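Q: Residue numbers are given in this note's numbering: position 34 of the sequence shown equals residue 104, and the series is strictly consecutive. Using N, Cα and C, we set each Cβ at its ideal position, and we do this for glycine too. Note that the structure is a prediction, hence the values are computed from the model and not measured.
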Amino acid sequence: MRALSTLSLAAVMLIGLAAPTFAQDPKSAGPAKQLAELLAARKLDSYAIRLQEGGDEFAGVLSFPGQMIVVWAKFAAPAVLNERLINQQYREVYIDLNSASDPATRHMVTDLGADGLNRGEKNQPSDSHDFNGKSMVFDGSWREDKMSEDDYDKAHMESDAAYAQVLEAMVAQLKKAS
C-alpha cells in the first residue's frame, strides 16, 4: 500500500511538472486589464504615448468594450506626434502610427479580450501580433502555421513580452497624467 501511495505521489508530481506552461496567464494579462480599466474609468476610447523621452517611437491604443488594438512604431516626424500628444489627440496618434509609421518597426497587437496576449487555448479568443509584414495569430494551431510547438511558444513568449512592456509604459503614463 505504501509503495502504491509513493508511486501515486510520484505520478502526480510528474504530471505537475509536465503541465504545459501555456496554461498560465500571459505576462501582458495584468497590464492589459489595468490599461482597459484605466481607459474605462477616464472614459477614453484611445490613448497614446511617446515610448522614450526624446525618442522617435510611439504607442497608441484603440479600446472597445472587451477589446484593445495596440500599435507601436518609430515615426519619421516625431514632432508631429508630440504636438498631437500635447493636444491629447490620441486617436490621431493611433491612426498615424497605423498608417504612416515605419513599417519595419510597426507592431500591432489585437487583444480580443483586453486580457493580455493569449496563447490560443480552448475558449479563448484568437489574439494576434503583426510585425514587419507578418501576422501571427495565436489560435493554438501551430501545426497549421507549419511550425513546431516550441517555435509557436517562443513566438508567443516574445510577442507577449513586447506587448507587456508597451502596456506597462502606457499604464505608467496614464497614471501619471491623472
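Look up Gln243 in the DSSP assignment and say whether it is helix, strand or coil.
A: The answer is helix: DSSP assigns Gln243 an H, G or I state.
Q: Just the C-alpha distance for Ala147 and Asp172, rounded to the nearest angstrom, thanks.
A: Taking the straight line joining both Cα atoms gives about 10 Å.
Q: For Leu155, which three-state DSSP category applies?
A: In the structure shown, Leu155 sits in a helix (DSSP, three-state: H, G or I).
Q: Apart from the five residues on each side of it in sequence, which residues of its chain come closer than 6 Å, Cβ to Cβ, to His199?
A: The answer, listed in chain order, is Val179, Met206 and Ser229.
Q: Tell me whether Gly125 is buried or exposed, calling it buried when 16 or more other Cβ atoms sit within 10 Å of its Cβ.
A: The residue in question, Gly125, is exposed, as its Cβ has fewer than 16 Cβ neighbours within 10 Å.
Q: So, with DSSP's three-state summary, where would you put Met217?
A: In the structure shown, Met217 sits in coil (DSSP, three-state: anything other than H, G, I, E or B).
Q: In this structure, how does DSSP classify Leu132 when only helix, strand and coil are distinguished?
A: It is a strand residue.
Q: Skipping 5 residues on each side, what residues in its chain have a beta carbon closer than 7 Å to that of Ala242?
A: None.
Q: Helix, strand or coil: how does DSSP classify Ser116 here?
A: Residue state, collapsed to three classes: strand.
Q: Have a look at Asp115 and Phe145 and give me their C-alpha separation to the nearest angstrom.
A: Spanning the two alpha carbons is a distance of roughly 22 Å.
Q: Return yes when the Cβ of Leu167 is within less than 9 Å of the Cβ of Ala184, no when it is not.
A: Not closer than 9 Å, so no.
Q: Taking the alpha helix (DSSP H) that Leu166 falls in, what are its first and last residues?
A: In the sequence under discussion, the amino acid at residue 166 is Asp, which differs from the Leu named in the question. Here the alpha helix (DSSP H) through Asp166 covers Tyr160 to Ala170.
Q: Where does the unbroken beta strand (DSSP E) through Gln137 begin, and where does it stop?
A: From DSSP, the beta strand (DSSP E) with Gln137 extends over Gln137 to Lys144.
Q: Where do the ends of the alpha helix (DSSP H) carrying Lys103 lie?
A: Element bounds for Lys103: Ala99 to Ala111.
Q: Is it the case that the region 204-220 contacts the region 98-113, given that we only count it when at least three CB pairs across the two stretches are under 8 Å?
A: Flag = no, the region 98-113 and the region 204-220 do not touch.
Q: Below 8 Å on the Cβ atoms is my guess for Pro96 versus Leu182; work out the distance and round it to an integer in Å.
A: Not a contact, Cβ separation roughly 13 Å.
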